[in-house]
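Counting from 1, position 192 in the sequence shown corresponds to residue 234 in the working numbering; the numbering is continuous, with no gaps.
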Amino acid sequence: EGIDLAEEGFEDWLREQRQADTSPGPAVIASTPAAVLPRIIVCHFVETATPRPMGIEDALAQELTGHIARSQLIDAISHFSSRALSGPQVLPDAAAEFILTGQCRQHGNTLTVDATLTDASDHRGMWSDRQRIDLADFLAGEEFLTNQIAGQALRIIMSRSIAAGSSTPLPELDAHTLMLSAVALMHSFEKRHFHRAAAQLDAVIERCPAHPVPRAWLAQWHLLRIYQKWSDDVAADGVKAQNAILNALD
Numbered sequence: 043e044g045i046d047l048a049e050e051g052f053e054d055w056l057r058e059q060r061q062a063d064t065s066p067g068p069a070v071i072a073s074t075p076a077a078v079l080p081r082i083i084v085c086h087f088v089e090t091a092t093p094r095p096m097g098i099e100d101a102l103a104q105e106l107t108g109h110i111a112r113s114q115l116i117d118a119i120s121h122f123s124s125r126a127l128s129g130p131q132v133l134p135d136a137a138a139e140f141i142l143t144g145q146c147r148q149h150g151n152t153l154t155v156d157a158t159l160t161d162a163s164d165h166r167g168m169w170s171d172r173q174r175i176d177l178a179d180f181l182a183g184e185e186f187l188t189n190q191i192a193g194q195a196l197r198i199i200m201s202r203s204i205a206a207g208s209s210t211p212l213p214e215l216d217a218h219t220l221m222l223s224a225v226a227l228m229h230s231f232e233k234r235h236f237h238r239a240a241a242q243l244d245a246v247i248e249r250c251p252a253h254p255v256p257r258a259w260l261a262q263w264h265l266l267r268i269y270q271k272w273s274d275d276v277a278a279d280g281v282k283a284q285n286a287i288l289n290a291l292d
């Protein structure tokens, strides 16, 4: 219930968010506080079984950091900040909620990448995947591989947030879990999921009243309510959306 992310409307929206051009810098990519958005550390990918290292691990981690940051739904900590880390077991407890690690190897003209998403709280693997791409295509800037890995990692994180938001009382959930769950549910075509998103956004705003992100999404919620023809008072929802935007900019 509320966990399926395969709805056409949500897929289109998520694709647009990942493709948005925000020109991230090389250091800490996102600027929003971790209280509202979860954090993920992208560690450098280790080159294995490669006779002559080419520095692919840094290029791969940098591309993944940029793709995740462009989602605007998670704070992506640059691989440069985690360059000295050898794995999730040495991370400080408060460094991030999630860790993306992996390894890559070249065999002939093929680049094989293994990626693993880990929950930093208990160091359990949440997801792993293997992707292959022509090495020349990757070096030429082909983004299919990094799109697949970053997109799947974000999808897994959002799926877990939705599951937790559907089964756990709001006071027991972290603000970032509520935030991601709300964003996903507000793009659902089921009215009950849509209204659950509003309750979750209100809970985040109550905990983080000075943060602009949940207020901006609440404005979007009111506009979507009008667009979906679910509003009982279009004028009132329009005013609430405007007020939420003003409060977010204040």
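Ideal placement from N, C-alpha and C gives every residue a C-beta, glycine not left out.
Pairwise C-alpha distance: residue j and residue i
{"i": "Ile98", "j": "Arg174", "result": "14 Å"}
{"i": "Ile268", "j": "Ala277", "result": "9 Å"}
{"i": "Ser120", "j": "Cys85", "result": "8 Å"}
{"i": "Ser203", "j": "Arg197", "result": "10 Å"}
{"i": "Arg238", "j": "Ala118", "result": "27 Å"}
{"i": "Ser273", "j": "Ser209", "result": "27 Å"}
{"i": "His235", "j": "Ala290", "result": "24 Å"}
{"i": "Ser170", "j": "Ala195", "result": "9 Å"}
{"i": "Gln270", "j": "Lys233", "result": "9 Å"}
{"i": "Phe87", "j": "Ala101", "result": "9 Å"}
{"i": "Thr143", "j": "Ala91", "result": "17 Å"}
{"i": "Pro211", "j": "Asp292", "result": "30 Å"}
{"i": "Asp275", "j": "Gln190", "result": "41 Å"}
{"i": "Asp179", "j": "Phe231", "result": "38 Å"}
{"i": "Val281", "j": "Gln114", "result": "25 Å"}
{"i": "Pro213", "j": "Ala137", "result": "23 Å"}
Same chain only: Cβ atoms within 8 Å of residue i, ignoring 5 sequence neighbours per side
{"i": "Ala206", "result": "Leu215, Thr219 and Ser223"}
{"i": "Trp259", "result": "Met221, Ala224, Val225, Met228 and Leu243"}
{"i": "Leu303", "result": "In the structure as shown, the chain starts at 43 and stops at 292, and residue 303 therefore has no counterpart that could be examined."}
Same chain only: Cβ atoms within 6 Å of residue i, ignoring 5 sequence neighbours per side
{"i": "Pro80", "result": "Ile116, Glu139 and His218"}
{"i": "Ala283", "result": "Ala261, His264 and Leu265"}
{"i": "Met200", "result": "Leu222 and Ala226"}
{"i": "Ala167", "result": "Residue 167 is actually Gly in this sequence, not Ala. Thr158 and Thr160, listed in sequence order."}
{"i": "His253", "result": "Val78"}
Sub-8 Å separation of residue i and residue j beta-carbons
{"i": "Ile141", "j": "Ile110", "result": "no"}
{"i": "Val246", "j": "Met221", "result": "yes"}
{"i": "Asp156", "j": "Gln145", "result": "yes"}
{"i": "Arg147", "j": "Glu89", "result": "yes"}
{"i": "Leu177", "j": "Thr158", "result": "no"}
{"i": "Val78", "j": "Pro251", "result": "no"}
{"i": "Arg172", "j": "Thr154", "result": "yes"}
Cβ neighbour criterion (16 or more within 10 Å) applied to residue i
{"i": "Glu105", "result": "buried"}
{"i": "Leu181", "result": "exposed"}
{"i": "Gly150", "result": "exposed"}
{"i": "Ser163", "result": "exposed"}
{"i": "Asp279", "result": "buried"}
{"i": "Ala286", "result": "buried"}
{"i": "His165", "result": "exposed"}
{"i": "Ala103", "result": "buried"}
{"i": "Ala192", "result": "buried"}
Same chain only: Cβ atoms within 7 Å of residue i, ignoring 5 sequence neighbours per side
{"i": "Phe186", "result": "Ile175"}
{"i": "Arg249", "result": "Ala217"}
{"i": "Ala240", "result": "Trp263"}
Any C-beta of chain D under 8 Å from that of residue i
{"i": "Asn289", "result": "Any reference to chain D falls outside this structure, which holds one protein chain only."}
Report the start-end ranges of each beta strand (DSSP E) in the segment 130–214 that is 3 residues or longer and not cut off at the edges.
140–149, 152–161 and 166–176
Segments assigned alpha helix (DSSP H), at least 4 residues, entirely inside the segment 224–249:
233–249
Taking only runs of the beta strand (DSSP E) that begin and end inside the segment 81–115, which ones reach a length of at least 3 residues, in chain order?
81–84
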